[in-house]
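Beneath this line is the structure, given in structure tokens, with notes to follow.
Protein chains: 2
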Amino acid sequence: MSAAIHPLAPLSASEIVTGSKLIKELYPAETDIHFKAITLAEPAKQEAIPFLNAEHNGKPLPTIHRRAFVCYYIRNTNKLHEAVANLSLKRVESNVRLGPNVHSSADGEEIIAVEKVALADEGVKAEIRKLHLPAGTVVICDPWIYGSNGIDDDNRMYQCFLYMRDPFNSSEADSNHYALPLAISPVVDTVTMRVSRIDHLPTGADNTVKPTVPYKLKPANEYIPEAQVLRTDLKPLNVVQPDGASFKVSKQETSSVIDWQKWRFRVGFNQREGMVLYDVRYDDRSLFYRLSLSDMNIPYADPRTPFNRKAAFDLGDAGAGIMANNLKLGCDCLGSIYYLNAVLSDDKGGTINMDNVVCIHEQDAGIGWKHTNYRTGRAVVVRNRELVLQSIITVANYEYILAFIFNQAGEITYEVRATGILSTQPLDDGVEVPWGTVVHPGVLAAHHQHIFSLRLDPALDGYDNRLVYDEAHAMAPSDFNPLSVGYYTKETVVEKSGGYDVDVDKNQIFKIQNAAVKNPVNGKPVAYKIMAPPFQKMLALKESFHYKRAEFADRSIYVTQYRDGELYAGGKYTNQSRGGAGVRAWADRKDNVKDTDIVVFVQFGINHIPRIEDFPVMPCEILKVHLKPVNFFTKNPALDVPPSVQSFNKSDLLSEAHHQATSTLKVDEDSSCCSSKL
Amino acid sequence: MSAAIHPLAPLSASEIVTGSKLIKELYPAETDIHFKAITLAEPAKQEAIPFLNAEHNGKPLPTIHRRAFVCYYIRNTNKLHEAVANLSLKRVESNVRLGPNVHSSADGEEIIAVEKVALADEGVKAEIRKLHLPAGTVVICDPWIYGSNGIDDDNRMYQCFLYMRDPFNSSEADSNHYALPLAISPVVDTVTMRVSRIDHLPTGADNTVKPTVPYKLKPANEYIPEAQVLRTDLKPLNVVQPDGASFKVSKQETSSVIDWQKWRFRVGFNQREGMVLYDVRYDDRSLFYRLSLSDMNIPYADPRTPFNRKAAFDLGDAGAGIMANNLKLGCDCLGSIYYLNAVLSDDKGGTINMDNVVCIHEQDAGIGWKHTNYRTGRAVVVRNRELVLQSIITVANYEYILAFIFNQAGEITYEVRATGILSTQPLDDGVEVPWGTVVHPGVLAAHHQHIFSLRLDPALDGYDNRLVYDEAHAMAPSDFNPLSVGYYTKETVVEKSGGYDVDVDKNQIFKIQNAAVKNPVNGKPVAYKIMAPPFQKMLALKESFHYKRAEFADRSIYVTQYRDGELYAGGKYTNQSRGGAGVRAWADRKDNVKDTDIVVFVQFGINHIPRIEDFPVMPCEILKVHLKPVNFFTKNPALDVPPSVQSFNKSDLLSEAHHQATSTLKVDEDSSCCSSKL
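Those protein sequence lines, which keep their order, are chains A and B.
According to UniProt numbering, the first sequence is numbered sequentially starting from 1.
According to UniProt numbering, the second sequence is numbered sequentially starting from 1.
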């Protein structure tokens with residue numbers, strides 16, 4: 001037992017090992033256990049709250065047992081288990097075999113093994129030989145999550161897509177193989193670890209599949225810098241903090257508490273969600289118990305087999321934590337950077353050191369607020385300093401840059417940048433299809449949606465909150481509205497758990513409120529509003545597996561009554577899932593969500609219709625969800641930010657003929673002609 | 001004649017003076033002319049295009065006469081004129097008296113005069129005396145554009161709102177008087193320059209107006225830093241470009257040509273629009289003939305007189321150029337800054353030096369694109385450098401921070417930050433109304449909409465362009481779509497000029513295309529897409545003056561066939577306008593807009609439901625419109641940006657226990673286990 005570890009802190013290396021040991025001891029010594037995750041089983045919230053209260057009030061801390069959630073297979077079987085190991089008491093509290101049709105995620109070791117299996121398969125080799133590729137050509141295998149169609153898919157499988165490196169530069173290990181897709185697609189069974197089937201991909205405008213024929217060579221399309229003629233006219237831009245950063249990181253065993261500009265919160269990190277923020281407070285007022293990216297789903301548009309099973313859950317099928325990049329100084333963030341490391345579990349029950357998975361830095365985000373008094377000419381301008389916690393994940397071809405951003409006006413932004421490489425497939429010359437874009441000769445990038453679910457577990461001035469929405473409506477013409485210009489807002493309280501859309505034409509704004517705490521100036525309940533970009537919901541039809549599985553993808557907002565363990569909007573096990581175990585199901589309980597402990601899932605996304613400009617690597621597409629106070633404070637919370645001045649900002653003047661006003665901005669009152677002194 | 005001045009460059013000081021002189025010469029010497037604007041009359045586009053073509057091809061430049069557009073009153077009359085003076089030939093080409101019900105904008109000198117008139121009026125003084133304000137109290141008068149209601153509003157007038165400085169600190173010229181509004185509202189006639197009426201403002205929940213009674217003192221709410229306890233824990237963050245900036249500014253008389261990262265464009269500046277960009281090109285390919293903020297309208301929600309006339313057109317009623325801030329080094333921009341100056345006209349026909357009205361700088365905007373090859377561990381990451389041209393305008397209480405932002409991926413962003421002070425009015429204690437928020441004791445900030453119109457005059461690979469929109473639709477279930485997951489995009493060509501909405505649920509994306517120029521790789525027409533945030537359209541009813549006047553505020557997109565002079569979406573004269581002279585009227589011509597010279601007006605905005613956090617100065621609310629290439633290039637245009645490396649970016653490592661990987665990111669191929677070498 002590690003008494004020193006905070007109940008919300010991730011498992012330590014020794015705790016992970018203890019967890020795997022406890023599970024291994026359940027079985028004979030020769031049993032080969034394939035661990036999928038050994039991660040913190042968070043304490044029940046009713047247990048955690050008294051701890052947090054004691055912590056904030058400097059009272060003695062209650063004891064909370066540390067527990068590991070362990071998900072594992074008996075290796076090379078379909079025997080999936082989930083267990084909870086009490087690390088404090090060193091015993092397994094529960095151990096349940098799951099299924100049928102419940103499958104765990106991929107893992108890095110397994111993906112590499114599947115690649116080898118597919119490429120070593122004699123049938124696959126025979127198909128590749130039929131391509132008559134130049135000698136030395138390197139074929140690459142990208143295993144894909146199999147997806148669900150309800151037809152012979154009870155086993156856990158991988159659908160592998162084959163590509164090749166530029167055959168004229170085969171030794172380049174970073175050749176962009178996505179520019180050279182092949183039409184051969186082996187399926188690997190994870191129990192037998194053998195190729196169970198070789199699919200041929202349709203490469204025309206219909207679902208015809210053709211036998212493998214000699215490959216007509218296509219040009220390469222590389223993204224590595226040595227393959228480009230690089231621009232030479234970009235000058236360095238350095239961010240310098242001569243007195244250091246304004247934030248403080250207090251490392252507490254496996255988690256860190258961040259203090260910055262009245263904000264304080266704890267950062268955790270786990271296999272599935274990556275970054276998790278706990279106990280988010282501003283100026284010692286509670287805002288959120290927990291914030292995390294809960295889920296994402298990427299359904300593809302191509303209707304044809306096997307593409308019609310492509311609908312990746314990158315968190316549940318892979319893991320935003322385990323796929324996190326080791327961030328590099330001077331590459332992924334700019335300025336004065338603090339990195340956080342994490343420890344996760346490997347497939348043998350050991351540990352993986354995940355270094356530099358979160359970078360923390362400040363950035364200047366332009367002007368925060370400004371006003372110029374036109375009578376005196378005096379301007380007061382305050383810049384908007386932000387604190388960024390960024391993590392980047394690579395899920396095969398794609399990258400997501402995920403960030404929590406805090407500012408000095410009490411606002412939190414969750415930012416997603418989608419980048420990386422489009423998932424490609426071969427297309428016959430001269431063919432056009434309406435579900436994808438030709439991004440390179442012979443290469444189709446199919447349309448796809450990225451639908452994200454951000455989980456907000458609010459605690460605005462306490463744990464009993466409500467969800468409301470405002471609408472703005474025109475007033476009817478009347479004696480009171482003689483010019484027909486009036487309009488008003490109307491607030492509606494969400495009484496029952498459910499899914500909700502956001503109607504821009506009504507200016508619907510969802511807010512989380514604490515109805516018991518009123519603003520001392522205007523008497524309104526304290527609140528935070530949710531500003532998420534509207535998006536096209538999942539296009540797959542209601543009867544489809546895509547729709548059933550991505551339980552969050554049909555609504556902008558889901559609200560549920562809090563229950564322990566309901567963290568992932570698509571359900572706990574998304575790989576080849578069948579639906580019914582995620583937020584849509586939880587919301588269907590029609591629980592009371594008024595003035596109780598609620599959870600809000602905020603969905604947002606893009607329908608990515610590829611442009612040729614998105615290849616070979618796409619420029620970031622940026623999505624932002626803002627959480628902003630509404631009558632939570634008594635005035636602009638950034639009013640006390642020191643004004644922006646040259647002595648602090650030290651900007652450089654480039655324009656020679658520039659006439660800057662003198663530093664005396666305040667004009668003597670007598671020279672101000674536009675006031676009447678009584 | 002100034003042969004050296006580019007036909008699209010703003011008028012020089014001497015040209016302004018020549019223009020006013022030519023007008024003055026039309027009248028007897030004693031005639032007092034009140035100039036409202038003396039600004040470049042841009043050449044007909046058919047005249048400008050051959051000039052630009054010659055310019056880009058290094059051919060001899062055709063001669064284009066320089067012309068001034070002059071708008072003026074015979075002072076203290078309603079005699080409004082618009083004239084065009086040929087500066088090259090030194091003669092007035094046209095001079096037309098306008099009206100009735102056509103009025104010009106406010107101007108700075110007039111506003112100050114109106115303030116004086118209102119505060120010096122004996123009736124107003126008598127009303128103020130009834131307030132029994134403490135001795136020394138300073139009353140402030142904010143003249144507002146009168147608006148239109150069709151009732152006794154043929155004359156041009158100002159509706160003045162009165163406030164006071166904190167009576168306990170009356171000598172503070174920068175006291176926030178908006179925290180202390182009074183219920184007395186004088187109306188000033190601009191012909192007589194006298195108070196024509198004193199309105200009493202309703203201060204309750206209905207439209208009752210009460211006689212002036214002694215004022216009950218309220219607390220102040222200041223925004224100036226000396227009234228705050230400032231934060232002391234914010235450390236400096238400096239942006240340093242040791243080798244200078246990457247952009248080049250070529251000053252050419254009154255305009256500047258900017259070269260940066262394959263971009264090239266000309267910057268103009270005028271009284272009404274402020275910044276205007278001309279002849280925007282990327283890598284020597286034409287993109288836009290002209291880009292500018294065309295108009296904005298801010299209608300208020302309060303249905304009661306006189307608030308129901310509040311609907312400001314900050315460009316047409318005031319002017320984004322003439323209201324531009326003199327930007328300060330180290331305050332308004334961060335880093336290495338180049339400032340542009342402008343020269344505008346004053347009310348006497350002279351000139352006003354507008355220094356530092358545009359600041360130009362580069363900024364780092366996070367990661368531009370990234371991909372990590374999970375097999376080799378090699379990451380290629382490119383940061384997104386942006387070029388920003390920023391201008392800030394103050395329109396009485398409000399500020400707008402307006403910026404054109406360019407990046408290395410061929411994208412242009414137009415950014416608006418709304419900040420400044422809410423327009424306030426007095427409210428009785430204990431009253432709540434559904435059309436506004438109490439932001440301070442006794443102070444109501446009414447809801448209002450900010451609706452912007454961005455004018456795009458495209459020239460994608462030539463001047464004949466079209467507007468199309470894509471939609472994404474689910475496929476019906478079929479043998480071809482057996483899993484009901486397929487979807488497709490459909491492109492519709494806009495044939496006739498008109499107004500269009502953007503349906504997010506159909507993923508409608510508007511694109512400007514040149515159908516005659518096909519992408520060499522995929523054969524698609526070259527295009528730029530328009531990504532503007534959806535917004536609630538104007539709530540004022542169709543029969544209202546607000547609706548009729550703000551001709552752009554009911555649609556997300558307007559497209560017209562190009563005609564010279566159709567620059568301002570709300571019409572040329574917005575002050576007390578009656579409608580019928582703006583983009584809705586132009587679009588109603590139902591002109592062909594397919595493969596011809598078109599103009600696209602992009603609307604966006606916010607329905608600002610004030611929060612108490614928006615007072616006394618509101619944190620910036622940020623809106624962005626993106627223009628992004630779609631099949632315009634043959635690959636990611638930022639592919640040739642040098643990768644992000646520490647030797648260039650020089651970041652600082654804060655975390656001591658940080659383990660950075662060695663600089664050898666490229667793994668030897670032999671150690672990469674996941675490829676099959678033939």
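Ideal Cβ placement from N, Cα and C applies to all residues, glycine included.
8 Å Cβ cut-off: residues of chain A touching Ser12(B): Walking along the second sequence from the start, residue 12(B) turns up at place 12. None at all; the shortest Cβ gap to chain A is about 15 Å.
Against chain A, does Ile5(B) count as a neighbour if the rule is that its beta carbon must be under 8 Å from one of theirs? Along the second sequence, read from residue 1 onward, the residue named residue 5(B) stands at position 5. Chain A, which has no Cβ nearer than 8 Å to the Cβ of Ile5(B), makes this no.
Is it true that the CB of Arg75(B) sits closer than 8 Å to the CB of His34(B)? Here the question's residue 34(B) lines up with position 34 in the second sequence. Here the question's residue 75(B) lines up with position 75 in the second sequence. Yes, they are a contact pair.
Would you mind giving the Cβ-Cβ distance between Glu411(B) and Leu237(A), rounded to the nearest angstrom? I have them listed as a contact below 8 Å. As a first step, residue 411(B) is located in the second sequence; it is residue number 411 there, counting from the start. As a first step, residue 237(A) is located in the first sequence; it is residue number 237 there, counting from the start. Between Leu237(A) and Glu411(B) the Cβ distance is about 18 Å, and since that is not below 8 Å, they are no contact.
Can you pull out the residues from the stretch 454 to 478 of chain A whose beta carbon lies closer than 7 Å to at least one beta carbon of chain B? Asp470, Ala472, Ala474, Met475 and Pro477
Once you ignore the five residues that flank Gly368(A) on each side, which residues in its own chain have a CB closer than 6 Å to its CB? Against the first sequence, residue 368(A) aligns to sequence position 368. Contacts found: Val382, Arg383, Asn384 and Ala638.
Can at least three beta-carbon pairs, one atom from the stretch 406 to 420 of chain A and one from the stretch 617 to 629 of chain A, be found at a separation below 8 Å? The answer is yes - the stretch 617 to 629 of chain A touches the stretch 406 to 420 of chain A, with three or more Cβ pairs under 8 Å.
Closest by C-alpha distance to Ser185(B), when choosing among Gly274(B), Gly150(B) and Val124(B): In the second sequence, counting from the first residue as 1, residue 185(B) sits at position 185. Of the candidates Gly274(B), Gly150(B) and Val124(B), the one whose C-alpha sits nearest the C-alpha of Ser185(B) is Val124(B).
Starting from Val381(B), follow the beta strand (DSSP E) in both directions and report where the run begins and ends. Within the second sequence, residue 381(B) is the residue found at index 381, counting from 1. Segment Ala379 to Val395, the beta strand (DSSP E) holding Val381(B).
Go ahead and label Ser14(B) buried or exposed: buried means 16 or more other beta carbons lie within 10 angstroms of its beta carbon, across all protein chains shown. As a first step, residue 14(B) is located in the second sequence; it is residue number 14 there, counting from the start. Exposed.
In chain B, what lies closer than 7 Å to Glu362(A) by C-beta? Translated into the one-based positions of the first sequence, residue 362(A) becomes position 362. Ordered by position in chain B, the residues that pass the 7 Å Cβ test against Glu362(A) are Leu237.
From the beta carbon of Val599(B), is the nearest beta carbon of chain A less than 8 Å away? The residue labelled residue 599(B) in the question sits at position 599 within the second sequence. Closer than 8 Å: no.
Are any of the Cβ atoms in chain A nearer than 8 Å to that of Gln228(B)? Within the second sequence, the letter at position 228 stands for residue 228(B). Yes, contact with chain A.
In the DSSP assignment, the alpha helix (DSSP H) including Lys125(A) goes from what residue to what residue? To locate residue 125(A), count along the first sequence from 1; it is residue 125. Segment Glu122 to Arg129, the alpha helix (DSSP H) holding Lys125(A).
Considering Lys251(A), what are the terminal residues of the beta strand (DSSP E) in which it resides? Indexing the first sequence from 1 puts residue 251(A) at position 251. Run containing Lys251(A): Lys248 to Gln252, per the beta strand (DSSP E) assignment.
Using only the alpha-carbon positions, how far apart do Pro143(B) and Phe161(B) sit? For the purposes of this step, residue 143(B) is taken as the residue at position 143 of the second sequence. For the purposes of this step, residue 161(B) is taken as the residue at position 161 of the second sequence. Each residue's Cα considered, the two are about 6 Å apart.
If contact is defined by three or more beta carbon pairs under 8 Å, each pair taking one atom from either stretch, is the stretch 391 to 406 of chain A in contact with the stretch 311 to 327 of chain A? yes
Per DSSP, Lys628(B) is paired with what? Within the second sequence, numbered from 1, the residue matching residue 628(B) stands at position 628. According to DSSP, which records beta bridges pairwise, Lys628(B) is partnered with Lys529(B).
Closest to Ile360(B) by CA distance: which of Arg378(B), Asp501(B), Asn373(B) and Val388(B) is it? On the second sequence, position 360 is the one that residue 360(B) refers to. Checked all of Arg378(B), Asp501(B), Asn373(B) and Val388(B); the closest Cα to Ile360(B) is Val388(B).
Looking at chain A, is there any beta carbon in it that lies within less than 8 Å of the beta carbon of Gly368(B)? Numbered from its first residue, the second sequence carries residue 368(B) at position 368. Answer yes: the Cβ-Cβ gap between Gly368(B) and chain A drops below 8 Å somewhere.
Where in the stretch 544 to 627 of chain A do unbroken runs of the beta strand (DSSP E), each at least 3 residues long, occur, reported from the N-terminal end onward? 557 to 561 and 598 to 608
Measuring only between beta-carbons, confirm whether Ser672(B) sits less than 8 Å from chain A. In the second sequence, the residue the question calls residue 672(B) occupies position 672. Note that Ser672(B) scores a pLDDT of 32, beneath 50, so its modelled location is shaky; the value from the coordinates is reported in the next line. So, interface residue.
Kindly indicate which three-state DSSP category Gly499(B) falls into: helix, strand or coil? One-based indexing of the second sequence puts residue 499(B) at position 499. Gly499(B) falls in the strand class under three-state DSSP.
Paired residues, beta bridge with Leu162(A) - DSSP: Within the first sequence, the letter at position 162 stands for residue 162(A). Paired residues: Cys141(A).
Contained beta strand (DSSP E) runs [length at least 3] in the stretch 423 to 501 of chain B, N- to C-terminal order: 424 to 426, 436 to 440, 443 to 446, 448 to 458, 466 to 474, 487 to 493 and 498 to 500
When you compare each of Phe51(B), Val70(B), Ile23(B) and Ser246(B) to Leu11(B) by their alpha carbons, which one comes out closest? Residue mapping note: residue 11(B) aligns to position 11 of the second sequence, counting from 1. Out of Phe51(B), Val70(B), Ile23(B) and Ser246(B), Val70(B) has the C-alpha closest to the C-alpha of Leu11(B).
With 16 other Cβ atoms within 10 Å as the buried cut-off, status of Leu89(B): Taking the second sequence and counting its residues from 1, the one referred to as residue 89(B) is at position 89. Exposed, because fewer than 16 other Cβ atoms sit within 10 Å of the Cβ of Leu89(B).
What residue range is occupied by the uninterrupted alpha helix (DSSP H) comprising Glu25(B)? Taking the second sequence and counting its residues from 1, the one referred to as residue 25(B) is at position 25. Glu25(B) -> no alpha helix (DSSP H), and no H or E assigned at all.
Sort out for me which residues DSSP pairs Leu402(A) with in a bridge. Position 402 of the first sequence holds residue 402(A). According to DSSP, which records beta bridges pairwise, Leu402(A) is partnered with Ser391(A) and Val416(A).
Report the residues of the stretch 536 to 569 of chain B with a CB closer than 7 Å to any CB of chain A, ordered along the chain. Interface annotation for the stretch 536 to 569 of chain B against chain A: Gln536, Leu539, Ala540, Leu541, Glu543, Ser544, Phe545 and His546, criterion Cβ-Cβ distance under 7 Å.
Which one of Thr31(B), Tyr73(B), Ala83(B) and Val17(B) has the shortest CA to CA distance from Ala41(B)? To locate residue 41(B), count along the second sequence from 1; it is residue 41. That would be Ala83(B), whose Cα lies nearest to the Cα of Ala41(B).
Under the three-state DSSP convention, the category His103(A) falls into: The sequence position of residue 103(A) within the first sequence is 103, counting from 1. Coil at His103(A), not helix or strand.
Can you pull the DSSP bridge partners for Gln513(A)? The residue given as residue 513(A) occupies position 513 in the first sequence. According to DSSP, Gln513(A) bridges with Arg466(A) and Ala527(A).
Please report the straight-line C-alpha distance between Met538(A) and Pro299(A), rounded to a whole angstrom. Here residue 538(A) is taken as the residue at index 538 of the first sequence, counted from 1. Here residue 299(A) is taken as the residue at index 299 of the first sequence, counted from 1. When rounded, the distance between both Cα atoms is 8 Å.
I'd like to know whether the C-beta of Gly335(A) is nearer than 8 Å to at least one C-beta of chain B. Translated into the one-based positions of the first sequence, residue 335(A) becomes position 335. For Gly335(A), at least one C-beta of chain B is nearer than 8 Å to its own C-beta.
Tell me which residues of the stretch 291 to 321 of chain A have at least one Cβ-Cβ distance to chain B shorter than 8 Å, keeping chain order. Pro299, Tyr300, Ala301, Asp302, Pro303, Arg304, Thr305, Asn308, Arg309 and Ala311
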